[in-house]
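Residue numbers (the numbering used here), protein chains in the order written: chain Z, 1 to 111; chain Y, 1001 to 1114.
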């Protein structure tokens, strides 16, 4: 079964709005989370990583992590049409090597 | 600075054919992954190599899928025989051998089996 769950499956936000994406792992061994972004027809590229409890901000993007609940969220403020893409959450344990991906959230920013 | 290179970019095969997909990882990376991506299942791990040794072969994909890594700079994924349900994008990725390191993806091979 899928160990990384993402919600919502799809999201439409107006240009300039805030997009909030969620991700939870059911594997208690998970220590590391990443967010990857995949534009249509392109390969996934890492957007942000978070390994410690709390918040990390890079420009318009903010990631939160709660290790107790194994939940991470990605927030995009002032969303732009170029942010329209599939956002993939990935998790790995400190014993592991491979990323387990969620099925993604498809974000559409409506101009 | 070359990233992960995959060939071909597109492949059309008839049901029952054998196809071979190729991947060159980022130079110096010890970990190499093959993923299959579909809209319904998302990204599924097919195979994982560390320093050319097969660490995981993706369980359910064992019977018709075989990945090999003959040297540190080249890997192949063979699908034999192909079935229409194999139609998907096949992504190769590589990283250094640390658990908290970024994984870099190739541009993928879009396989269509008719």
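Cβ atoms here follow ideal geometry from the backbone N, Cα and C, with glycine treated the same way.
7 Å Cβ cut-off: residues of chain Z touching residue i
| i | result |
| --- | --- |
| residue 1103 (chain Y) | 99 |
| residue 1033 (chain Y) | 98 |
| residue 1091 (chain Y) | 43 |
Cross-chain neighbours of residue i in chain Y, by beta carbon under 9 Å
| i | result |
| --- | --- |
| residue 79 (chain Z) | None at all; the shortest Cβ gap to chain Y is about 23 Å. |
| residue 103 (chain Z) | 1039, 1040, 1041, 1042, 1043 |
Residue i - DSSP class collapsed to helix/strand/coil
| i | result |
| --- | --- |
| residue 14 (chain Z) | strand |
| residue 1062 (chain Y) | coil |
| residue 45 (chain Z) | strand |
| residue 1085 (chain Y) | helix |
| residue 1031 (chain Y) | strand |
| residue 83 (chain Z) | helix |
| residue 38 (chain Z) | strand |
| residue 1036 (chain Y) | strand |
| residue 1072 (chain Y) | coil |
| residue 1103 (chain Y) | coil |
| residue 112 (chain Z) | The requested residue 112 (chain Z) does not occur in the structure, where chain Z is confined to residues 1 to 111. |
| residue 30 (chain Z) | strand |
| residue 66 (chain Z) | strand |
| residue 1095 (chain Y) | strand |
Contact check, residue i vs residue j, beta carbons under 7 Å
| i | j | result |
| --- | --- | --- |
| residue 98 (chain Z) | residue 1045 (chain Y) | yes |
| residue 1161 (chain Y) | residue 105 (chain Z) | Limits of chain Y in this structure are 1001 at one end and 1114 at the other, which puts residue 1161 (chain Y) out of reach. |
| residue 51 (chain Z) | residue 1071 (chain Y) | no |
| residue 1094 (chain Y) | residue 1025 (chain Y) | yes |
| residue 140 (chain Z) | residue 25 (chain Z) | Because chain Z is modelled from 1 through 111, residue 140 (chain Z) falls outside the range shown and cannot be assessed. |
| residue 1039 (chain Y) | residue 1076 (chain Y) | no |
| residue 1114 (chain Y) | residue 1011 (chain Y) | no |
| residue 109 (chain Z) | residue 83 (chain Z) | yes |
For residue i, the residue or residues it bridges with in DSSP
| i | result |
| --- | --- |
| residue 1020 (chain Y) | Y:1078 |
| residue 1056 (chain Y) | Y:1048 |
| residue 19 (chain Z) | Z:76 |
| residue 1013 (chain Y) | Y:1113 |
| residue 1041 (chain Y) | Note: residue 1041 (chain Y) sits in no beta bridge, so no partner. |
| residue 51 (chain Z) | None; residue 51 (chain Z) has no bridge partner. |
Interface partners of residue i on chain Z, CB under 8 Å
| i | result |
| --- | --- |
| residue 1107 (chain Y) | 42, 43 |
| residue 1056 (chain Y) | 98 |
Closer than 6 Å: residue i CB and nearest the ligand HEM heavy atom
| i | result |
| --- | --- |
| residue 1082 (chain Y) | Although the ligand HEM was asked about, the structure shown includes no ligands whatsoever. |
Amino acids of chain Y, ordered along the chain, whose beta-carbon sits closer than 7 Å to that of residue i
| i | result |
| --- | --- |
| residue 46 (chain Z) | 1102 |
| residue 51 (chain Z) | 1100 |
Proximal chain Y residues relative to residue i, where beta-carbon distance stays under 8 Å
| i | result |
| --- | --- |
| residue 88 (chain Z) | 1042, 1043 |
Supposed close pair residue i, residue j - CB separation, criterion 8 Å
| i | j | result |
| --- | --- | --- |
| residue 46 (chain Z) | residue 1102 (chain Y) | 5 Å |
| residue 90 (chain Z) | residue 36 (chain Z) | 6 Å |
| residue 70 (chain Z) | residue 63 (chain Z) | Not confirmed; about 14 Å, so no contact. |
| residue 1051 (chain Y) | residue 1030 (chain Y) | 5 Å |
| residue 1016 (chain Y) | residue 1081 (chain Y) | 5 Å |
| residue 22 (chain Z) | residue 7 (chain Z) | 5 Å |
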